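For the numbering used here, add 126 to where a residue sits in the sequence shown, where the first one is 1.
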Amino acid sequence: MPAAPVLRLEPFRAWRFVAGKVSALGAVTSPPYDVLEPALVRRLTDADLHNMVRLILPRDPELGPARYDEPARRLAGWQHDGIVVQDTRPALYVYEQQYQGAVLCGLVGSLGLDPARRVVLPHEDVMPHWVDDRFQLMEATDADLEPILLAYAGGGAASDAVDSARSGTPWLVADTENGAHHRIWRIDDPAVLRQIATELARHDALIADGHHRYAAYLERSRRQPERPGTRSGLAMLVDNDRHPLTLDPIHRVVPGLSLATVSERTPPTWDVLPGRVDGVPDRIAISDGSTWVTLRSTDHRPEPTVSLLHGELLPAWGVDVNEIGFHHALSDALALAGPTQVAVELTAPKMDQVLRSAVRGVVLPQKATSFGPKPRVGLLFRTLD
């Protein structure tokens, strides 16, 4: 009988950029692929010829699968030319990001995959085309370029090891264009690594950010189960008790939907209030760019509003969920709003709602939450060699 799964974060030999080969370590980094707006992509692309957006955002969609050949060739060239180098010994990496008073701090390593969802708990649904996109990029580059983000509670000895490492000299330091300060330390002492492994084995962890990448890890493992390295994926693990994450909503843009349709076809279990009404718990506010209405459920149900939006309201309005756009900044959603394309402002689910759903094996709709701060892409990454 197979052993019960446990939470595992294993040491690996990270790749990193060489400071003397690029304009600055921060200049080659990027936010994760799914929060990149076009204007930011242009700025990052112009910042340095080696910025990670050139790897994580393959261009020319019309090329089909061949579009992933360019980042694969680019990465191979960087490796050959010594632009990026691999650490000499396996380690777990302590990553700290300080930005506007917020601190992201945790361990980066190779996360053992858990297809049965016993200890690595997803909480969001995924969109198959994005899973396929990330899988094809992983396959072409033979690399995990972006760490996913997980949260757990009560890290004990593992969190003590993180804080102890931060008292030493960093292995890597970088400042990024958004004003954030990043530091990374290595943990390679066998005794400390054993203590961390023993502690983590007592916990489960919630996938906070990176559901599509995690699903791509699982697909890679399913297709190549015997290949070394495919039973794990690059991840950052944060003790949410010691270094709490923030939890924000992700807003929607709904093509083909007008405020008239919202008012006429919203189910009777909802109040439709004029204006953008503040102080209403779990409200949903909708705008066409000039006028607002606010929806409030009269049933006082425990589900997050994003679940009610996708489960009740969108079907009632006749919306094709595959056409919806997602935006982390409300201003970006409002900029696209018009008479026949509305912006939907959501409130963030509560942490206990997310955890309760994940433990029960119930997933929220895609793009239901935005946990942060998110680890910067390009400070370190993993290959399957």
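Here a beta-carbon is modelled for each residue, glycine too, at the ideal position from N, C-alpha and C.
All values reported here derive from a predicted model rather than from experimental measurement.
In the pairwise beta carbon analysis, the stretch 278-294 is classified as touching the stretch 363-376: at least three pairs are separated by under 8 Å. Spatial neighbours of A306 in its own chain (CB-CB distance under 6 Å, excluding positions within 5 residues in sequence) are listed in chain order as Q223 and Y225. DSSP, reduced to helix, strand and coil, places M477 within a helical segment of the structure shown. The C-beta of T372 has fewer than 16 other C-beta atoms within 10 Å across all chains shown, which makes the residue exposed. Counting along the chain, the unbroken beta strand (DSSP E) around W396 starts and ends at W396 to P400. In this structure, the CA atom of A323 is about 35 Å from the CA atom of G203. For P400, same chain residues with a beta-carbon under 7 Å away, outside a window of 5 residues either side, are V419 in chain order. By the CB criterion at 8 Å, I376 and L247 fall outside the cutoff. S149 and G190 have their C-alpha atoms roughly 32 Å apart.
In the pairwise beta carbon analysis, the stretch 473-480 is classified as touching the stretch 414-434: at least three pairs are separated by under 8 Å.
Per the coordinates, the alpha-carbon of L263 lies some 13 Å from the alpha-carbon of Y340. Within the DSSP bridge table, the entry for H377 names H453 as partners. For V432, the closest of N177, S413, F452 and G415 by C-alpha to C-alpha distance is F452. In chain order, Y219, I310, W311 and R312 place their CB closer than 8 Å to the CB of W297, counting only its own chain and leaving out the 5 sequence neighbours on each side. A check of alpha carbon separations from V318 across D286, H337 and R348 identifies D286 as the nearest.
A straight line joining the alpha-carbon of P164 with that of V179 spans about 11 Å. Annotation: R142 to Y221 spans about 13 Å, alpha carbon to alpha carbon. A residue is called buried once 16 or more other Cβ atoms fall within 10 Å of its Cβ, and E250 is buried on that count.
Put simply, the backbone Cα of T387 is about 7 Å away from that of W443.
With a threshold of 16 other beta carbon atoms within 10 Å, D268 falls short and is exposed. Inside the stretch 410-461, DSSP marks whole alpha helix (DSSP H) runs of 4 or more residues at positions 431-434, 440-443 and 456-461, from first to last along the chain. The continuous beta strand (DSSP E) containing Q223 extends over residues L218 to Y225.
Here the alpha carbon of V288 sits roughly 15 Å from the alpha carbon of A361. The three-state secondary structure of R353, taken from DSSP, is coil.
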